[in-house]
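*Asks:* Residue numbers (this note's numbering), protein chains in the order written: chain A, 2 to 287; chain B, -2 to 156. Quick reminder that beta carbons are idealized off the backbone N, C-alpha and C, glycines included.
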Ligand SMILES: Cc1cc2nc3c(=O)[nH]c(=O)nc-3n(C[C@H](O)[C@H](O)[C@H](O)COP(=O)(O)OP(=O)(O)OC[C@H]3O[C@@H](n4cnc5c(N)ncnc54)[C@H](O)[C@@H]3O)c2cc1C
Ligand code: FES
Ligand code: FES
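Below is the structure:
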């Protein structure tokens, strides 16, 4: 295994483009090292992205935020303003692992590892987050929902890496939330995860995005669920339709952590609860 | 396999070592630097027995490469006592019998020292969440939590 520490994205792209065999990027390493040590994936080339200029910064960008690809979950939680604007994203990332894992794990790593149960991914999809993908042919912006294509696989091509995460402007009268179900209170993988982001005008919801994790091969953007609450005051009927749409969107597997039937049910329950939190955070009362 | 040359600070001492790029920081600490305080319980980030701080941030040394330590400042359990004088946390762990086999103890001491530096007045719930990634198979945690709460209260009185 060759260990590389490029100082710029150009160098990282050049190394990745010409690398033979298996290539991995090293952000926090909390997935890469587990896979390396368990002999699941031993990269031929490991490209540490933490020496690239600017990757450890959280910065304002077009009234939204630009999160560097090496920013850890702990740094996101400690940021004075990020949580006020995007509590759902910050809390979703904070659910990843323990204090020790938080010291290293990144949003980008969580996304690019490609786990269907990755906690930050539904929160980012609901929030409308996009990423810059840098490669030999330049840089393009891609919506988070278009990055994972199957468990463990992303749409990134050889030589490409994510160079930044872009969180949109919060704007007024809006808020987001993320909830997951696990059988314990800490240190477990989501059986279902749900992200909701919405905006209201008075009591009426004018915009919404709903995303579900761990219920399909990749995290889902569930448009029917969003439509169920747009134009409503999140009354019981709207919540009922929302829950049904969330359950119907699921295409889960049966495993030791949850059966198909259970996961579908929980998706509906979590969608209701998450939407209520987002609605209240947006300043509305039910 | 080319070895990586690394210069870092461990418990305030400058160290230099050569390591295989696949070696973890935990392997380096134990096998190259002779610091066997950090333990390998799982090697997968679950148990926290390998906890150290890197530039003040609590991490699992089993999930970091030795090569990544270049230029970093690492603190392990060996640096907690001041010569023969135990750190208040270490004294309280003995007083409260907060350890049995002791495998988890170095990691828990490093983790709780980091907590008290960040938050000198934690609630019991905060201590338990902070330590969610430090497993103990012996004590049932209660004595650990009591030792930490007691230390925190003593340190607050002393300051
Ligand atoms: C004990 C433990 C508990 C955990 N609990 C959770 C949990 O509750 N929820 C959860 O979702 N996850 C959990 N995880 C998984 C892991 O911590 C997260 O997925 C984490 O966010 C990964 O980030 P990282 O920076 O460590 O990624 P790394 O391990 O550094 O990288 C992960 C993947 O992303 C790729 N990658 C990294 N950066 C880039 C880039 N810039 N461009 C392109 N590809 C890139 C790498 O090639 C690799 O394939 C847990 C892991 C452990 C060890
Ligand atoms: S040995 Fe590192 S967490 Fe268990
Ligand atoms: S004292 Fe034995 S594992 Fe904690």
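Run down chain A in chain order and give the residues with a C-beta less than 7 Å from the C-beta of residue 130 (chain B).
*Replies:* By Cβ distance, chain A contributes 98, 99, 100, 101, 102 and 188.
*Asks:* DSSP has residue 68 (chain A) in a bridge; who is on the other side?
*Replies:* According to DSSP, which records beta bridges pairwise, residue 68 (chain A) is partnered with A:59 and A:166.
*Asks:* Which bits of chain B does residue 56 (chain A) rub up against, with CB to CB less than 8 Å?
*Replies:* Residues of chain B passing the Cβ test: none, with the nearest at roughly 14 Å.
*Asks:* Nearest to residue 267 (chain A) by CA position, among A:249, A:278 and A:281, is which residue?
*Replies:* Residue 267 (chain A) has its Cα closest to that of A:249, out of A:249, A:278 and A:281.
*Asks:* Against residue 13 (chain B), what residues of chain A qualify as contacts under a CB-to-CB distance less than 9 Å, listed in chain order?
*Replies:* Neighbours of residue 13 (chain B) on chain A: none; closest Cβ ~17 Å, over 9 Å.
*Asks:* Whose Cβ in chain B lies nearer than 9 Å to the Cβ of residue 2 (chain A)?
*Replies:* What residue 2 (chain A) touches in chain B: -2, 17, 18 and 19.
*Asks:* Hey, how far is the Cα of residue 48 (chain A) from the Cα of residue 204 (chain A)?
*Replies:* Distance between the alpha carbons of residue 48 (chain A) and residue 204 (chain A): 49 Å.
*Asks:* Please report the distance separating the alpha-carbon of residue 42 (chain B) from that of residue 104 (chain A).
*Replies:* Whole-angstrom Cα-Cα distance: 12 Å.
*Asks:* If distances are taken between C-alpha atoms only, which option among B:124, B:45 and B:49 comes closest to residue 22 (chain B)?
*Replies:* Of the listed residues, the one whose Cα sits closest to residue 22 (chain B) is B:49.
*Asks:* Of the residues that make up the segment 37 to 49 of chain B, which ones have a beta carbon closer than 8 Å to any beta carbon in chain A?
*Replies:* Cβ contacts with chain A come from 40, 41, 42, 43, 45 and 48.
*Asks:* Return helix, strand or coil for residue 76 (chain B), following the three-state DSSP convention.
*Replies:* Residue 76 (chain B): helix per DSSP, three-state reduction.
*Asks:* Could you pull out every residue in the same chain whose Cβ sits closer than 6 Å to the Cβ of residue 148 (chain B), ignoring the five residues on either side in sequence?
*Replies:* So the qualifying residues of the chain are 85, 86 and 89.
*Asks:* For residue 1 (chain A) versus residue 177 (chain A), is the C-beta spacing smaller than 7 Å?
*Replies:* As displayed, chain A neither begins before 2 nor continues past 287, which places residue 1 (chain A) out of reach and without an answer.
*Asks:* Have a look at the DSSP bridge pairing and note the partners of residue 132 (chain A).
*Replies:* Paired residue(s): A:143 and A:166.
*Asks:* Can you give me the Cβ contacts of residue 76 (chain B) inside the same chain, cut-off strictly under 6 Å, excluding the 5 residues immediately before and after it?
*Replies:* Taken in chain order, the residues that qualify are 8.
*Asks:* Going along the chain, which residues of the segment 143 to 156 of chain B sit with their C-beta nearer than 9 Å to a C-beta in chain A?
*Replies:* The residues in question: there are none.
*Asks:* So, are the CB atoms of residue 10 (chain A) and residue 53 (chain A) less than 7 Å apart?
*Replies:* Cβ atoms of residue 10 (chain A) and residue 53 (chain A): closer than 7 Å.
*Asks:* Could you check the C-alpha separation between residue 276 (chain A) and residue 174 (chain A) for me, to the nearest Å?
*Replies:* The alpha-carbon atoms of residue 276 (chain A) and residue 174 (chain A) are separated by roughly 14 Å.
*Asks:* Taking the alpha-carbon positions, what's the residue 286 (chain A) to residue 180 (chain A) distance?
*Replies:* If I take the Cα positions, the gap works out to 19 Å.
*Asks:* Find out if the Cβ-Cβ distance for the pair residue 74 (chain A), residue 56 (chain A) is shorter than 7 Å.
*Replies:* It is not a contact, given that the beta carbons lie outside the stated cut-off.
*Asks:* With a Cβ-Cβ cutoff of 7 Å, do residue 63 (chain B) and residue 16 (chain B) count as a contact?
*Replies:* Contact flag set, yes.
*Asks:* Does the structure place the segment 149 to 161 of chain A close enough to the segment 5 to 23 of chain A that three or more beta carbon pairs sit under 8 Å?
*Replies:* Segments in contact, yes.
*Asks:* Please report the distance separating the alpha-carbon of residue 29 (chain B) from that of residue 274 (chain A).
*Replies:* Distance between the alpha carbons of residue 29 (chain B) and residue 274 (chain A) is about 51 Å.
*Asks:* When you measure from the CB of residue 46 (chain B) to every non-hydrogen atom of ligand 2, does any distance come out below 6 Å?
*Replies:* Correct: residue 46 (chain B) has its Cβ closer than 6 Å to ligand 2.
*Asks:* Alpha carbons only, please: which of B:115, B:14 and B:120 is nearest the one belonging to residue 55 (chain B)?
*Replies:* Among B:115, B:14 and B:120, the Cα nearest to that of residue 55 (chain B) is on B:115.
*Asks:* Report whether the distance from the Cβ of residue 114 (chain A) to the nearest heavy atom of ligand 1 is below 6 Å.
*Replies:* Residue 114 (chain A): yes, Cβ under 6 Å from ligand 1.
*Asks:* Could you name the residues of chain B that residue 49 (chain A) contacts, counting a contact when the two beta carbons are closer than 7 Å?
*Replies:* Under the 7 Å cutoff, chain B gives 65.
*Asks:* Could you please give me the residues that DSSP links to residue 3 (chain A) through a beta bridge?
*Replies:* BP columns for residue 3 (chain A) point to A:46.
*Asks:* When you check each C-beta in the segment 189 to 202 of chain A against every C-beta of chain B, which residues fall closer than 7 Å?
*Replies:* So nothing in the stretch comes that close.
*Asks:* Report buried or exposed for residue 86 (chain A), applying the criterion of at least 16 other Cβ atoms within 10 angstroms of its Cβ.
*Replies:* Buried is the call here.
*Asks:* Closest to residue 136 (chain B) by CA distance: which of B:26, B:99 and B:61 is it?
*Replies:* Ranking B:26, B:99 and B:61 by Cα distance to residue 136 (chain B) puts B:99 first.
*Asks:* State yes or no: is the C-beta of residue 59 (chain A) within less than 7 Å of the C-beta of residue 50 (chain A)?
*Replies:* For residue 59 (chain A) and residue 50 (chain A), no; Cβs fall outside 7 Å.
*Asks:* Using a Cβ cut-off of 7 Å, pull out every chain B residue sitting near residue 37 (chain A), in sequence order please.
*Replies:* The contacting residues are 19.
*Asks:* Please determine, among A:245, A:218, A:66 and A:256, the residue with the shortest C-alpha to C-alpha distance to residue 1 (chain A).
*Replies:* There is simply no residue 1 (chain A) to check, as chain A begins at 2 and stops at 287 in what is shown.
*Asks:* What I want to know is whether the C-beta of residue 38 (chain B) ends up closer than 6 Å to one or more non-hydrogen atoms of ligand 2.
*Replies:* It does: the Cβ of residue 38 (chain B) is within 6 Å (strictly closer) of some heavy atom of ligand 2.
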